[in-house]
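Oh and the sequence shown: position 37 is 37 in our numbering, straight run, nothing missing. Note that the Cβ used here is the ideal one computed from N, Cα and C, for glycine as well.
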Amino acid sequence: MAVQDGREGLASGLREDDSYHSERMIKLGKQLENPYSVANMQRAWDNIAGAGARTSDAPEVKTTHYYVKFTPQTEEELEILKDDTTLILFDYPLDFEIEAGIGDAYRDPSVPIGQPTPQYCAVEADYRFPSRVGYEILEDLFIPDDYSDDAQSQSARLAPADEELINRLVYEAMKLTGNLEETEENENPTLGLFGSGGSSWRPTGRIMVWDDTGADLTSTRRVFSHYDYSGCSGYNSSLPEFLKERVYGNCRIAAYRTTTTTTRTNWVPLEGVEVRARRWFTTHKGIVKSTGYYRCDGTFKNPANYSIKWERNHFSIRSGNVGQALYNGPKKTGNWNMNFGRRGADKVNDMQQYYALIFQAARDYYYGSRFGLSSPPRNSFWKPQVKISASQTSRQHKKDSHAAPYARTGGILPSVYIRKWNDAADRVYGVTAHELAHLAHWDMDRDAFRKLLLKRYPLGNKSPEAVIESWASGVEWQFAQQRYKNLYGNAGYKYESDISINSLSNGNYQAQTISGKPIYTSIVVDMIDDENQRITKGGTQYPMDRVSGYTIQQIEAGLRGATSWNGWRDNMRSRHSNSTKNFLNELFGNWH
C-alpha cells in the first residue's frame, strides 16, 4: 500500500509483465464457418426459396454489418475505440469455439508486450471507421435477426419480410454451416415453409459475490392485500365484504401492499458490473443493479454466450498486468445467475471473486457517491483508462500493493497493483480504495503531490510520505466502513478489527502505536471520530487525540496544496470551522 517512486518505476513495471500467466489464458478452439456471411445467407435463402418459400417476401440479402478486427498499436488508439459507445469490443475473435469457464483473459500471442491485443466486433454497414486506428474487415455480414431494444436496431430489422421467414433463413444458414446445436434442432423439428422459430427470451439474472464479512440484505415484495370497490357506481361502504363482491365485483380493483424482508447472507450484489449476452455478432448488455439483478437490452430466439468483462469506461481490471480480466460464462437459453467465490471461505482464494471485489471498490470510487471526494483519473484522450493489476503474488520485487501514477503515461502499464490474494474480502475492497486514493490525490493536485514525493525519496524525510499514506489509509477506512457497516448493516463493524496489536484489536486503526505506524497513521480517522486512544488504550505510546467532527471531504480539502505534514495541519485549521481545531497541533505532533 504505497506510492512507487517514478524514477525506477517504469523499468520495474516492465519486469512485472512476467506475472501474466499463460495458463490463465482463454483457449480458442476450432474456427467456425460463419453463418451470417452474406455468401452463406444467400445460399440459405436459395435453399428455402427452392423449397417453396414465398419469393414475394424474399429479403434482400446484402451487407448490413461488417465483422471487424481492430488493431490498435497504442493505448491511446485503444481508448479511441473504447470511447465509441456504439462498439461492443471483444478481446477474442467471435467465430471461434471458446470453452465456458476456462481462462480469465485472452491476449493474441503474436502481439508484443506493450501493444494492445486486437479488438473484435460487428459494426453497422454505414459505420464511420476512426482514421487513427487500423482495422481489417474480416467478413461482410447479413444480420436479419437483431432484436435489440435500441430503436435504430428495431428499424433496421427487415420489415417487408415475415419474422417466421427470417427465423427460417437463420435456421437454414446455421444448418448449412454446421452450427446448428442439438437443442436448436430439437426446438425446430418441423419448420414447414416458413418455420416457427423459437420463442423470444431476454437475458436476465442475478450476479453475487461471496463476502466473508456478511450483510443484511433487504428485499421488498408486492403482495395482494384486498379488493377496492370505492370507485364503483353507487358504492355503499357499509355492506359486508361478501355482498360487495356480489354487487360490485365487475368494477373492483385489486389493492396491494409491500412487504419487506431482511436476510443475513454472505452473498452480496455485485453492483455496476456489465453482463453481456452474445450470439455470434449480436450482443445485448445489462448493468447489475444494487439488488444484484440485471436485464439485458435485447432478446434472442436461440442460446447465447454470457460473459463479463471486468471493466467500466474509467477503469479496467487486469489478469496480472497485460491481459484484460474476463469471465466466460455459459452458452444457454434463459436466465444466468452467478455466484463468484466459495461458500464458507474466510479468505479470497477464487480468482473471479478477487476480480469482483476489486471491481466493486473501483466502481464505488468512480461511480458511487464517493463522499464528495475527488475522482481518480477519468478516461479521456489525454488521460487513458486506469489499469488495475489483480495479482495472486503477495509481494513482487519487494513491493506490496501500490499505486504508480507515472504508469498512466501512455497507459501501457497498470497504475494500480493489488496484491491481497488470500486475504479477507474487506481488505481486498479497502486496499483497492486505498490505491485509487493515491491516484485521486495525484490527479487532484499534481504539483503538491510531486513535491511530497521529492521531499521523501531523495531526502529520506518520512513526514511527506506520511501525508500521502495516511490520507489513503483514511480513504480506505471510509470506503470499508460505508460498505460493511452502513450499507450492509454490520452495526459493530470496525475495519481491521481482525488484526491484533499488543493483544488489542486494531479496529478503525485505534490500536496502532505512534512508533509502530509513523507513515500509515490513523490521523484521518482521528480527525473524524471521538475516541482518544491515549485514554481508551491507556498509554503514552498511543496518540493523544482530542480532535473530532471533521468530515472526509473537509480533510481532503485540507490536503489540497499541502506539501508537508504541518502544511496539511495548517490547512485544516485555516480552512474549516471546528470546535476542536485548537488540538490539531497536538494531534499532528504525535507523529512528526
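Rounded to the nearest angstrom, the gap between the Cα atoms of T432 and T85 is 27 Å.
Per DSSP, S574 lies in no beta strand (DSSP E) segment; the continuous alpha helix (DSSP H) that holds it begins and ends at W565 to R575. The beta-carbon separation of R363 and E271, rounded to 7 Å, stays under the 8 Å limit for a contact. Where D228 is concerned, the enclosing beta strand (DSSP E) starts and stops at T204 to D228. Taking a C-beta distance under 7 Å as the contact criterion, W565 and A466 qualify as a contact pair. Residue F129 holds the alpha-carbon nearest to the alpha-carbon of E77 among F129, V273, M174 and L217. Per the DSSP secondary-structure output, C296 pairs with nothing in a beta bridge.
When DSSP reads this structure, H402 sits in a beta bridge with A2 and Y417. Taking the C-beta atoms as reference points, I113 is found no nearer than 7 Å to T64.
Here G178 is exposed, its C-beta having fewer than 16 other C-beta atoms within 10 Å. Looking at Y227, R575, N236 and T259, the one whose alpha-carbon comes closest to that of S219 is T259. Secondary-structure assignment with DSSP links Q324 through a beta bridge to R318. For A472, the secondary structure class from DSSP, reduced to helix, strand or coil, is helix. Within the same chain, Cβ atoms closer than 7 Å to the Cβ of W471 are found at A437, H441, V524 and L559, the five residues on either side in sequence being excluded. Within the same chain, and ignoring the five residues on either side of L176 in sequence, the residues whose Cβ sits closer than 8 Å to its Cβ are P35, N40, R43, A44 and N47. Under the three-state reduction of DSSP, G329 is assigned to strand.
V123 is bridged by DSSP to Y66. No Cβ-Cβ contact shorter than 7 Å links T299 with R221. Exclusion of the five residues before and after M351 leaves D104 as the residues of its chain whose Cβ lies within less than 7 Å of its Cβ. In the three-state scheme derived from DSSP, where H, G and I count as helix and E and B as strand, H434 is classed as helix. DSSP, read as helix, strand or coil, puts L357 in helix.
Between the C-alpha atoms of K69 and Y120 there is a straight-line separation of about 5 Å. Under DSSP, T263 shares a beta bridge with L217. In the structure shown, the three-state DSSP call for N339 is strand. Short of 8 Å from the beta carbon of L89, and not among the five residues preceding or following it, lie these beta carbons of its own chain, in chain order: F70, L81, K82, Q119, Y120 and C121. Between M527 and R534, the C-beta gap is not smaller than 7 Å, which leaves the two residues out of contact. In this structure, the beta-carbon distance from R264 to A304 does not fall below 7 Å. Per DSSP, the continuous alpha helix (DSSP H) segment holding N40 begins and ends at V38 to G50.
The C-beta separation of A390 from V209 comes to about 14 Å, leaving the pair out of contact by the 8 Å criterion. Note: G178 is not bridge-paired with any residue in the DSSP secondary-structure output. Contact annotation: R575 and S319 have beta-carbon atoms that are not nearer than 7 Å. DSSP places V524 inside the alpha helix (DSSP H), whose first and last residues are I523 to I528. Within the same chain, and ignoring the five residues on either side of T283 in sequence, the residues whose Cβ sits closer than 6 Å to its Cβ are I88 and R276. Secondary structure at R450: helix, using DSSP grouped into helix, strand and coil.
In this structure, DSSP gives G286 an extended state, which the three-state scheme calls strand.
Annotation for W310: I317, A325, Y355 and F359 place their beta carbon closer than 6 Å to its own, counting only its chain and skipping 5 residues before and after.
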